[in-house]
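A.B. asks: Sharing a structure, written as structure tokens. Questions coming.
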Amino acid sequence: MNKVKSLLFAGCAALLFVAGCAETQRYETLRQICPPSLEKQQAMEIAQEVLGGMNFTVEKADPELGFIRTKPLAGAQWFEFWRSDNVGSFNSAEANLHSIRRIAELNISRQNGRQCISCDVKVHRLNLPESEVSSSSQAYRMFSQSSPSKQKLELHPEQKKAMAWVELGNDTHLATEILKRIEDKITRLQEKKSL
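Reminder that position 73 of the sequence shown reads as 84 in this note's numbering, one-by-one numbering, no gaps.
Shown next, in the form of structure tokens:
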């Protein structure tokens, strides 16, 4: 019995040690970038390429206004290792626990003689109201019209009416990642031109 207690104590101590040593990640957030010698049309093309590389689909691109908005992109799941739209462990966990979607908006405008690019990413979570169940043995009917032998996601009409995407705010980590990728691409293009 003492051996079990000492193993349990050692396991808890090791867990606390590892948790205590964990370092919180700090992200430098960018509001906008203003690279030198960049035209608006070139900035629009580069921004669209970067968004496409991150699996976003452009919904609206207005070159005269310098505005780009993407269609909603569902958050990457844990098995989609090639995706890069979950920046940070919190965003990854949230996208795996909930139905999350993100919409990116970029604005390109002239400031102090330079083209500046700003990015804003809005996050939404699907709110799916639960059905009333009378006992724990009917938990399978909480979100759908399933039976005990066959599970299916078929919503009740009342649930469909109350289902909505709830805005959670901005994803500054993803917006920063998008701006960094745009800045890196611009820097590489300008280095090629100077050679």
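Backbone N, C-alpha and C define an ideal beta-carbon position, used for all residues, glycine too. As the structure is a prediction and not an experimental result, all values here were calculated from the model.
#1: Where residue 193 and residue 169 are concerned, what is the direct C-alpha to C-alpha distance, given to the nearest angstrom?
#2: Applying the criterion that 16 or more other CB atoms from any shown protein chain within 10 Å of the CB defines a buried residue, is residue 92 buried or exposed?
#3: Would you call residue 185 buried or exposed, if buried means 16 or more other Cβ atoms sit within 10 Å of its Cβ?
#4: Leaving aside the five residues before and after residue 116 along the sequence, list all residues of the same chain whose C-beta is less than 8 Å from its C-beta, in chain order.
#5: Can you tell me where the alpha helix (DSSP H) holding residue 203 begins and where it ends?
#6: Taking only the alpha-carbon atoms, compute the straight-line gap between residue 198 and residue 140 and give it to the nearest angstrom.
#7: So what's residue 105 in DSSP terms, helix, strand or just coil?
#8: Would you check if there are 3 or more beta carbon pairs closer than 8 Å linking the stretch 46-58 to the stretch 88-107?
#9: Which one of 196, 122, 182 has the shortest CA to CA distance from residue 41?
#10: Does the Cβ of residue 97 have 16 or more other Cβ atoms within 10 Å, making it buried, or fewer, making it exposed?
#11: With a Cβ-Cβ cutoff of 8 Å, do residue 204 and residue 61 count as a contact?
#12: Going by beta carbon distance, what residues of the same chain come within less than 8 Å of residue 32, once the five residues before and after it are set aside?
#13: So, under 8 Å CB-CB, residue 84 and residue 102 are touching, yes? Tell me the CB distance rounded to an integer number of Å.
#14: If you draw a straight line from the alpha carbon of residue 100 to that of residue 90, how long is it in whole angstroms?
#15: Taking the straight line between their C-alpha atoms, what separation do you get for residue 71 and residue 206?
#16: Mind checking which residues open and close the alpha helix (DSSP H) that includes residue 170?
#17: What are the partner residues of residue 49, as DSSP defines its beta bridges?
#18: Indicate the three-state DSSP secondary structure (helix, strand or coil) for residue 177 in the structure shown.
C.D. replies: Let me spell this out:
#1: 44 Å
#2: exposed
#3: Its Cβ being crowded by 16 or more others within 10 Å, residue 185 is buried.
#4: 78, 79, 80, 81, 130, 131, 132, 133
#5: Where residue 203 is concerned, the enclosing alpha helix (DSSP H) stretches over 183-205.
#6: 48 Å
#7: helix
#8: no
#9: 182
#10: Counting Cβ neighbours within 10 Å, residue 97 comes out buried, since at least 16 surround it.
#11: no
#12: Only weak support exists for where residue 32 lies, its pLDDT of 49 falling under 50; the coordinates are left without a value.
#13: Rounded, the Cβ-Cβ distance is 13 Å, inconsistent with contact.
#14: When only Cα atoms are considered, residue 100 and residue 90 end up about 14 Å apart.
#15: 35 Å
#16: 168-173
#17: Bridge partners of residue 49: none, in fact.
#18: strand
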